[in-house]
Amino acid sequence: MSKHHLGEFEEIVMLNVAILHGKAYGIAIIDEMESRLNRKVSIGSLQTVLRRLEKKGYLESEFGEATKQRGGKRKRFFTVTNFGQQVLEEAKDQRLALWNAIPSIAFTNPSS
Amino acid sequence: MKQSDSPQPSRWPLKFFRWFCHPDYREDIEGDLLERFERRLAEGGIRKAQWEFSKDVLRLFRLGLIRPFKPTPSLNYQSMFRNHFKIAWRTLIKQKLHSIINITGLAVGIASFLLIALYVYNELSYDRYHQHADNIYRVVENIRTDSELLSGATTSLPLGPTLARDYPEVLDFVRIRYNKRTISIGDDNHFLEDQCVWADSTIFQVFDFPLLEGDPKTALTKPETVVLTESTARKYFGEESPVGQSLEIQVQPYLITGLAADVPENSHFTFDLLFPIVSITSGRPDLAKDGWFIPGVYTYLLLAEGDNNTSKIKAAIPDFITRHTGEGRYGMQYTDFPLQPLASIYLANPRLFENGKRGNKSNLYILSAIAMLIMIIASFNYVNLAIARASRRIKEVGLRKIMGVERSLLIQQFLGESIIVSFLSMLSGLGIAVLTLPLFNSLLNTSLHLAIMNEWNVWVGLLVFSILLGVLSGAYPAFLISGFHPLRIFQQSPQSLRSQGWLRKILVTAQFAISMTLIAGTLLVFEQLDLLSNAKLGFVKEQMLKIDFNRDKAVKQHLESVK
């Protein structure tokens, strides 16, 4: 479905939100991406993507409780919506279909 | 959270972030920023943490995260603005009497201020119209005799030429001498002209007295020639050109060699007929060369451009005196030849034998002070009335606030309203000033005109003043009332709200004090003038007649029979 095209970074952010399952707020997502993918992400680039995804309806968010950390500011926890999950799965299926379509002789030296 | 204990991120990046970030995202992103900052603080130094914090903030400055910069469509603002005008107009109409008193009060104040300002401006403008005004000086003389010190305005004939010869800084000099002449038309018509001036021909180069007809270089070079001003020429020749014709002056025909424009009103000396000074100097070459201590001409110098030329000449004067002048009769000795800048002569303390009319500096100070006082009274009165009116609108403010009007909008509304009113007053003040100017002129025997209005800075001044006054008079309602809590406004007796009367009390007191001073001063001056004109002098003024017979020999001989 080309209508719901996901960018590479968008997809990764959504996957990380899904991994964190209910504990996905800004810093946690960044930490997760750093540890899993060894990828440095600035707050700015993450937040723009998060807001964009939320606007598209792939993610939803709500405030957590205020704590004494973070200058008393509440965290915003993101979760993947059903629609977002659908889009993610579509993306995965498309990738898989593409992988499967590669003839076996194309990659002569597959990583092992 | 105790903020003072733990190190904080740098203030400006945080402020910047709070300013640009979309309000919906602000809280949690700021939380993220702080969390990161705290973590970095634990890992490393505060410097590094703050630096990274600033970098994070900068990276957050993205299109998707910054707030919309037009919070509401501009149309809304426009209609609000129009609404302010509407409300201002309605309040003006609603309280007609109040508005009329308020506006006319200020307008009359402004009109008086403007008229006085015009007068003062005119007094200060004397002689400044000359192109070289800054470089023209009048030389005067201080003489010591055996018994007294004389400071005269006139000098002797050789002073100008000798100064010009000795000092290259003196580019040119003009000597002028006054006398009276009788002009005869036919056998029976004789006119006494008392503004006859004998002058060097350089008068046209040094001063800006334009020659309408004739050659300025040669017009005043030969004896028995004369240059007339426009109005004098009209008197004797009507509209036809006088140049080339002859005029009988003291039973002698004079050739008219030029037609000069009338001397402007704001000149410290004036003339109606110009004669060449050669007719004096050629008759008495000894006086022209060595006639020190015989004052009779006014000497004007044109100095070269340059700041220190004046001081150079001034420093050379003592040497000049010893070299040239020596001692005159009665032990007369020159002590100094002071230089008076041209523009300062009109308002300077008059010396002996002054030429032309003189103004009075202290009068100008007094008038300016009065103008300021009038303006202060008018402004105080205006502000006071505006405040009194504003307190009636507390309820309106309360209602507006309940309807959700922002404080900044209220401030805008009240300030705008009062600026509109002060602007109206300024305009009507201008109108009154223009209308009463002829009356003012005939009262003071002046010929002021509104040329000053052509200068843009006058308009800017008036504009700034009316805005200032508007802000001042609107400040109380704008800043105080708009800050009241709406609930307190609607309480049964808003006593606490009305108690801010100290400002008004001060203004009223000051206003009355100034008015009293002015009235008392006026009465005093009136009494003084009354005394001057009505005091018993020992003779009956109404029965005395003074006739100027211009030293007519016939009158002198038959004095008894004339009596």
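In order, the protein sequence lines correspond to chains D and L.
According to the numbering used here, the first sequence is numbered sequentially starting from 1.
According to the numbering used here, the second sequence is numbered sequentially starting from 113.
Glycine is no exception: its CB is placed at the ideal position from the N, C-alpha and C atoms.
This one's a predicted model, so the numbers in the text were calculated from it and none came from an experiment.
Is there at least one Cβ from chain L nearer than 8 angstroms to residue i's Cβ?
i        : result
Thr79/D  : no
Ser112/D : Any reading at Ser112/D must be qualified, since the residue scores a pLDDT of 44, below 50, and its modelled position is unreliable; no value is offered.
Ile43/D  : yes
Arg74/D  : yes
Phe63/D  : yes
Gln47/D  : yes
Gly71/D  : yes
Along the chain, where does the beta strand (DSSP E) containing residue i start, and where does it finish?
i        : result
Val415/L : As written in the sequence, residue 415/L is Leu, which differs from the Val given in the question. Run containing Leu415/L: Tyr410 to Leu415, per the beta strand (DSSP E) assignment.
Ile451/L : The sequence shown places Leu at residue 451/L, not Ile. Here the beta strand (DSSP E) through Leu451/L covers Leu451 to Pro453.
Asp306/L : Asn301 to Ala311
Glu325/L : Leu323 to Glu325
Within a Cβ cutoff of 6 angstroms, which residues of the same chain sit near residue i, ignoring the five residues on either side of it in sequence?
i        : result
Asn16/D  : Ile29, Glu32 and Met33
Ile626/L : Leu485 and Ile489
Val13/D  : Val49
Leu575/L : none
Phe129/L : Val169
Ser263/L : Asn254 and Arg463
Given residue i, which residues of its chain have a CB within under 7 angstroms of its CB, disregarding the five upstream and five downstream residues?
i        : result
Thr687/L : With chain L represented from 113 up to 675, any question about residue 687/L goes unanswered, as that position is not in the structure.
Leu20/D  : Ala28, Ile29 and Glu32
Phe602/L : Gly510
Ile177/L : In the sequence on display, residue 177/L carries Leu and not Ile. Excluding positions up to five away in sequence, the list reads Cys133, His134 and Tyr137.
Gly217/L : Ala490, Asn493 and Tyr494
Arg240/L : Ala455
Gly440/L : Trp404 and Phe405
Val232/L : Leu476, Leu479 and Ser480
Ala545/L : Ala223, Leu226 and Leu227
Arg512/L : Leu522
Which two residues bound the contiguous alpha helix (DSSP H) that contains residue i?
i        : result
Tyr137/L : Pro135 to Glu155
Gly528/L : Arg519 to Leu556
Asp448/L : Run containing Asp448/L: none in the alpha helix (DSSP H); it sits in the beta strand (DSSP E), Gln445 to Asp448.
Leu340/L : Per DSSP, Leu340/L belongs to no alpha helix (DSSP H); it is in the beta strand (DSSP E), Thr337 to Thr341.
Lys473/L : Lys473 to Ala502
Ile178/L : Looking at the DSSP string, Ile178/L is not in any alpha helix (DSSP H), and its letter there is neither H nor E.
Lys507/L : Ile506 to Ile514
Ser122/L : No alpha helix (DSSP H) contains Ser122/L, which DSSP labels as neither H nor E.
Ser645/L : Trp614 to Asn646
Asp168/L : Ile158 to Leu172
Ala219/L : Lys208 to Leu236
Gln357/L : That residue, Gln357/L, is in no alpha helix (DSSP H); it is neither H nor E in DSSP.
Glu466/L : Careful: Glu466/L lies outside any alpha helix (DSSP H) and carries neither H nor E.
Asn569/L : Trp568 to Ala587
Ala97/D  : Asn82 to Ala101
Phe596/L : Run containing Phe596/L: none; DSSP gives neither H nor E here.
Phe316/L : Ile315 to Val318
So, does the CB of residue i fall closer than 8 angstroms to a CB anywhere in chain D?
i        : result
Tyr137/L : yes
Arg194/L : no
Gly143/L : yes
Leu146/L : yes
Pro125/L : no
Trp131/L : no
Met113/L : Annotation note: pLDDT 40 at Met113/L (below 50); position unreliable, no value reported.
Pro119/L : no
I'd like the list of long-range same chain contacts for residue i, defined as Cβ closer than 8 angstroms, with 5 residues on each side in sequence excluded.
i        : result
Pro135/L : Arg179
Leu615/L : Ile499 and Tyr588
Check whether chain A comes within 8 angstroms of residue i, counting only Cβ atoms and requiring the distance to be less than that.
i       : result
Tyr58/D : Among the protein chains in the structure shown, which are D and L, there is no chain A.
Write down every uninterrupted run of the beta strand (DSSP E) in the segment 18 to 80 of chain D whose length is 3 residues or greater and which is fully enclosed by it, in chain order.
Secondary structure within the segment 18 to 80 of chain D: the beta strand (DSSP E) runs of 3 or more consecutive residues, fully enclosed, are 59 to 63 and 76 to 80 (chain order).
Where the segment 88 to 109 of chain D meets chain L: residues whose CB sits under 8 angstroms from a CB there
Answer set for the segment 88 to 109 of chain D: empty.
Pull out every residue of the segment 567 to 598 of chain L whose Cβ sits closer than 9 angstroms to any Cβ of chain D, in chain order.
Answer set for the segment 567 to 598 of chain L: empty.
What alpha helix (DSSP H) runs, 4 residues minimum, are completely inside the segment 361 to 441 of chain L?
Every unbroken stretch of the alpha helix (DSSP H) spanning 4 or more residues and falling wholly within the segment 361 to 441 of chain L is given here in chain order: 390 to 393, 397 to 402 and 421 to 436.
Using a Cβ cut-off of 9 angstroms, which residues of the segment 167 to 182 of chain L contact any Cβ in chain D, in chain order?
Of all residues in the segment 167 to 182 of chain L, only Lys167, Asp168, Val169, Leu170, Arg171, Leu172, Phe173, Arg174, Leu175, Gly176 and Leu177 place a beta-carbon less than 9 angstroms from a beta-carbon of chain D.
Any chance you could list the alpha helix (DSSP H) runs of at least 4 consecutive residues sitting entirely within the segment 241 to 281 of chain L, in chain order?
Within the segment 241 to 281 of chain L, the complete alpha helix (DSSP H) runs of at least 4 residues are 271 to 278.
Taking Cβ-Cβ distances below 9 angstroms as the criterion, which residues of the segment 15 to 39 of chain D are in contact with chain L?
Listed in sequence order: Tyr25, Gly26, Ile27 and Ile30.
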